[in-house]
Amino acid sequence: MRQSGYFIPTLKEAPSEAQIASHSLMLKSGLVRQLASGVFSFLPLGLKVLNNIMAIIREEMNAIGGQEFLLPALNPIEIWEQTGRVEAMGDVMFHIKNREGLVLAPTHEEIITFHAKQHIKSYRDMPQIWYQIQTKFRNEPRPKSGVLRGRQFIMKDAYSLDTTWEGLDVSYDKHDEAYRRIFTRCGIKFFAVGASSGAMGGSKSQEFMVESNSGEDTCAISDAGYAANIEVATSNIPPIGRIEADLALEKFATPTAKTIDDLINQYNLAEERCAKSVVYIVDSEPILIFMRGNDELNESKLQSKFKTNNVRPALPEELFHYTGANHGSIGPIGLKTKLKVYADNLLKDANGLVSGANEDGFHYKNIDFTRDCQIDEYADFRTVQEGEPCPISGLPLRVVRAIELGHIFKLGTKYSDALSATFLDSEGKEHPIIMGSYGIGVERVMACYIEQHYDEKGLVWTKPLNPFDIHILGLNEVKFPAVKDIAEQLYNNLKNKFEVLYDDRNESVGIKFNDADLIGIPIQIIIGNKNLENNKVEFKIRTNNHRELIDITEVEAKIREYYNI
RNA sequence: CGGGGUGUAGCGCAGCCCGGCUAGCGCACCUGGUUUGGGACCAGGGGGUCGGGGGUUCGAAUCCCUCCACCCCGACCA
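Letter 87 of the first sequence, counting from 1, is numbered 86 in numbering that gives the first Met the number 0, and no numbers are missing.
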C-alpha cells in the first residue's frame with residue numbers, strides 16, 4: 000500500500016476528550032474517529048486491526064466446532080417480551096420510533112433460542128455451538144473511555160445448545176479454552192475470574208479480565224492464581240469466634256456515637272466485636288444484616304443470596320419505622336417490628352459483641368448471638384479488602400481495577416423455558432434445551448492490546464494484530480532519485496509476500512519517522528541516501544526501537560527471520 | 001438521572017470576568033521558492049452560523065434566559 004494515497008489521518012495532538020492511552024492513541028494514529036458519544040467510525044488502518052482480531056476469533060471458534068451466523072440487529076419486540084427482557088433491559092434497549100414493534104438487539108439469546116426452537120427437535124440435533132460477530136446496540140447511560148464503553152459495538156457472541164448439564168459443562172469448557180487461546184494469541188495479558196451470576200441464576204459464570212486503571216470492574220487477585228470479581232471474591236479471614244468470659248448483657252448510653260469508629264474511639268472497644276447493623280429492602284421486604292466492625296456489605300452477594308436485583312438500603316424513615324431507632328443505634332435486641340435477621344459468616348455464633356439497642360443513644364455490650372437474640376441465617380455478605388489472605392494460598396490479595404474482555408456463562412434453561420425451545424430425548428420425553436452464552440467485546444480486545452503495548456512515541460503492534468508487516472520509509476525521495484528507485488524496488492519485491500505500507504509521501508524525514516513510530520508497524524525499513532552509498536538500509540524493530548544497518552539484499556531474509564517464516 | 005466542566009477554522013487553544021475597529025495565535029491546508037536523517041525556512045493565500053434559539057443594548061464571542069452536544073465524577077451496567 001502506498002501511503003501517499005492511503006487514508007491515515009494522524010494527529011500531532013490528541014483531542015482533549017481522550018483521557019486514556021488507548022483512546023488517545025487510536026485517535027492520534029488514525030485508527031478511529033468519534034461520530035457521537037459512544038459511537039465510533041473505524042478508519043482503514045483501524046479496520047485492518049479489527050479484521051485481524053476477528054480472524055483469530057473465527058479460527059478459534061471454528062476450532063471448537065462453532066458455526067458462524069449473522070443475526071439481525073433489528074428485532075421484533077415480541078420475542079423480547081416473551082422472556083421479560085424488555086422490562087429487564089429498560090432504557091438500555093433502543094426502541095425504533097417510527098416502526099412499532101422493532102428494537103435494536105443488545106444481545107442475541109432470544110434470537111438464537113427462536114431459531115433453536117424452530118429446528119432443534121431431537122437430542123440427535125445437539126450439541127450445537129452457534130456464534131456470530133455482529134454489532135450490538137446498548138443505550139449506555141454514560142459512554143466512556145473511547146471504544147471501551149460505547150452505545151454501538153462489535154461483539155462476538157456464541158451460544159451453546161446441549162441436551163444435558165454435563166453437555167453444557169463440556170461446551171462451557173471449550174469456550175473457556177478457546178477464549179484463553181484467543182486472548183493469548185492477541186498478545187494480551189489477562190486473567191479469568193469467577194463472576195456473579197446475580198439474579199440471572201445461572202450456575203456458573205466467568206469473566207476474562209485485563210488489569211487496568213481504566214477498567215470499570217474491581218477484582219481481587221493473588222499471586223497464587225486466585226482471581227475473582229469483587230462481587231463474589233472471598234478471603235480466608237477466620238470468624239471472630241467466641242470469647243471465654245460469659246458476661247451479662249449490659250445496656251449503656253452512647254449519646255454521641257453514630258458510627259463504628261465513634262464507638263471504638265469513645266469506649267475503647269475492639270472493632271471486630273462491634274456488630275454493624277445494616278437494613279436493606281429486598282423485594283420490598285426489610286431485612287437486618289450484621290457485619291463485623293467496619294466491613295462493607297456487598298450488594299452483589301446480597302442479590303445472589305436472594306436471587307433478585309431489587310435490593311436497596313432502607314431510607315432513614317424506614318429505619319426508624321422498622322427498628323425503633325435511627326442510624327447508629329440499631330441492633331438485634333428489642334426490634335420494634337419482627338425482621339428477618341442475617342449476619343455475616345465472620346460473626347457466626349459470636350459473643351461479647353457490641354451493637355445498637357434500637358433506642359437512640361444507647362447500645363448493648365456483651366451480646367451473645369446464641370443467647371440474646373435470634374439470627375435467622377449466616378452467610379457471606381462482606382466485600383473483601385486489599386491485603387486480606389487469599390482463600391487458596393493465604394497470600395495477600397490485591398484489589399485491582401480491570402476491563403472485562405469476555406464473559407462465559409452457563410445460562411441453563413432460562414431462555415429455552417421462556418420461549419419453549421424443547422427437544423425429545425431418546426425415550427420421547429420433552430426437555431428444555433440447556434444453553435450457554437459466551438461474549439467477547441471485539442473493540443475491547445483492540446483497546447486492551449493498546450493499553451498493554453505502547454510507548455511515548457505511539458503504538459507498538461506485534462504479530463498477529465499488526466495492520467501491516469513492514470513499513471518502508473523512503474527519505475527525501477525527491478532530492479535523491481536513487482532512494483526512490485530502491486524504495487520502489489523493495490516495495491514491488493515485498494508487497495506480494497507481506498503486508499507492506501510504503502511511505503512514498505513527499506514529507507520531511509521528521510514527519511515520516513514520527514508517523515511511523517506513532518502507527519507502530521513492527522518493522523521499519525528506512526532508506527536514506529547516505530546509507531545507500533554503501534548499499535545499506537536501516538532495519539528498525541518497533542518493539543524495542545533497535546536499529547541496524549543491513550545490506551539491501553538481506554532485507555527479505557531479515558524480515559523472514561523476524562517473523563519466523 | 002444528580003454533581004462538575006467544556007463548546008471560538010481540521011486539531012490544540014487565547015479572547016469572555018470588565019460589551020466597542022474587519023475575531024486572534026500555534027499546528028495543519030493551498031501557491032511559489034529555498035531546504036532535506038527526527039514534526040524545516042521565507043513570502044503570499046484560503047478557511048469562522050464564536051454550539052442553536054431567544055432576550056438586553058446604539059452595539060454581544062463577551063451580559064441574561066433557554067435548548068443542544070461533548071467530557072469527567074457518581075448512579076446504572078444484560
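Cβ atoms here follow ideal geometry from the backbone N, Cα and C, with glycine treated the same way.
Simplified DSSP state of residue i, which is helix, strand or coil
| i | result |
| --- | --- |
| residue 457 | strand |
| residue 26 | helix |
| residue 490 | helix |
| residue 0 | coil |
| residue 198 | Unreliable placement is indicated for residue 198, whose pLDDT of 48 sits below 50; no coordinate value is reported for it. |
| residue 359 | coil |
| residue 608 | As displayed, the chain neither begins before 0 nor continues past 564, which places residue 608 out of reach and without an answer. |
| residue 445 | helix |
| residue 311 | strand |
| residue 515 | helix |
| residue 381 | strand |
| residue 451 | helix |
Inter-residue spacing [alpha-carbon to alpha-carbon] between residue i and residue j
| i | j | result |
| --- | --- | --- |
| residue 486 | residue 554 | 12 Å |
| residue 306 | residue 247 | 39 Å |
| residue 540 | residue 75 | 52 Å |
| residue 388 | residue 124 | 47 Å |
| residue 81 | residue 280 | 28 Å |
| residue 509 | residue 405 | 40 Å |
| residue 493 | residue 55 | 24 Å |
| residue 230 | residue 92 | 25 Å |
| residue 343 | residue 375 | 11 Å |
| residue 616 | residue 496 | Only positions 0 to 564 of the chain appear in the structure, and residue 616 is not among them; the question remains open. |
| residue 6 | residue 408 | 40 Å |
| residue 151 | residue 549 | 47 Å |
| residue 479 | residue 61 | 51 Å |
| residue 336 | residue 88 | 35 Å |
| residue 600 | residue 171 | The structure shown has nothing for residue 600, since the chain only spans 0 to 564. |
| residue 381 | residue 297 | 5 Å |
| residue 542 | residue 523 | 11 Å |
| residue 490 | residue 48 | 21 Å |
| residue 103 | residue 149 | 14 Å |
| residue 386 | residue 395 | 5 Å |
| residue 264 | residue 257 | 11 Å |
| residue 191 | residue 224 | 9 Å |
| residue 200 | residue 218 | Any reading at residue 200 is ruled out, since the residue's pLDDT is 48, under 50, leaving its predicted position unreliable. |
| residue 377 | residue 278 | 15 Å |
| residue 174 | residue 95 | 34 Å |
| residue 526 | residue 507 | 13 Å |
| residue 12 | residue 450 | 18 Å |
| residue 22 | residue 90 | 26 Å |
| residue 572 | residue 259 | Lying before the first or after the last residue shown, residue 572 is absent from the chain, which here runs from 0 to 564. |
| residue 563 | residue 383 | 46 Å |
| residue 220 | residue 78 | 40 Å |
Any non-hydrogen atom of the ligand FMN within 8 Å of residue i CB
| i | result |
| --- | --- |
| residue 18 | The ligand FMN is absent from the structure shown, which contains no ligands of any kind. |
Contacting residues, own chain, Cβ-Cβ under 6 Å from residue i (five flanking each side not counted)
| i | result |
| --- | --- |
| residue 319 | 325 |
| residue 452 | 459 |
| residue 110 | 70 |
| residue 568 | Because the chain here runs from 0 to 564, residue 568 falls outside it and cannot be looked at. |
| residue 323 | 335, 357 |
Option in the options with minimal Cα separation from residue i
| i | options | result |
| --- | --- | --- |
| residue 204 | 411, 564, 445, 545 | 411 |
| residue 38 | 83, 110, 141 | 141 |
| residue 498 | 51, 479, 238 | 51 |
| residue 454 | 339, 28, 532, 3 | 28 |
| residue 238 | 354, 251, 348, 392 | 348 |
| residue 252 | 398, 545, 359, 538 | 359 |
| residue 242 | 350, 129, 559, 100 | 350 |
| residue 284 | 107, 312, 551, 261 | 312 |
| residue 63 | 331, 130, 224 | 130 |
| residue 552 | 535, 85, 276 | 535 |
| residue 288 | 368, 244, 210, 255 | 368 |
Own chain partners of residue i with C-beta closer than 8 Å, once the 5 adjacent residues on each side are dropped
| i | result |
| --- | --- |
| residue 425 | 122 |
| residue 162 | 122, 125, 126, 422, 424, 430, 432, 433 |
Contacting residues, own chain, Cβ-Cβ under 7 Å from residue i (five flanking each side not counted)
| i | result |
| --- | --- |
| residue 182 | 189, 207, 404 |
| residue 2 | 500, 501, 502, 503, 504 |
| residue 448 | 185, 186, 187, 464 |
Q) Should the stretch 166–179 be called in touch with the stretch 362–370, which here means at least 3 C-beta pairs below 8 Å? A) In short, these stretches do not touch, since the Cβ pair count stays below three.
**Q.** Sufficient close CB pairs (3 or more, under 8 Å) joining the stretch 515–527 to the stretch 468–486
**A.** The stretch 515–527 is in contact with the stretch 468–486.
(Q) Using 8 Å as the cut-off, can you tell me whether the stretch 284–294 makes contact with the stretch 265–276, which would need three or more C-beta pairs spanning the two stretches below that distance? (A) Contact between the stretch 284–294 and the stretch 265–276 is present, because at least three Cβ pairs lie under 8 Å.
Q: Answer yes if the stretch 151–169 comes into contact with the stretch 436–447, meaning at least three C-beta pairs across the two stretches below 8 Å, and no otherwise.
A: They touch, by the three-pair rule.
(Q) Can you confirm whether the stretch 111–129 touches the stretch 412–424 when touching is taken to mean that 3 or more C-beta pairs between the two stretches lie within less than 8 Å? (A) The stretch 412–424 vs the stretch 111–129: in contact.
Q) Below 8 Å, can you find three or more Cβ-Cβ pairs linking the stretch 164–173 to the stretch 227–241? A) Look at the beta carbons and you see the stretch 164–173 not touching the stretch 227–241: under three pairs across the two are nearer than 8 Å.
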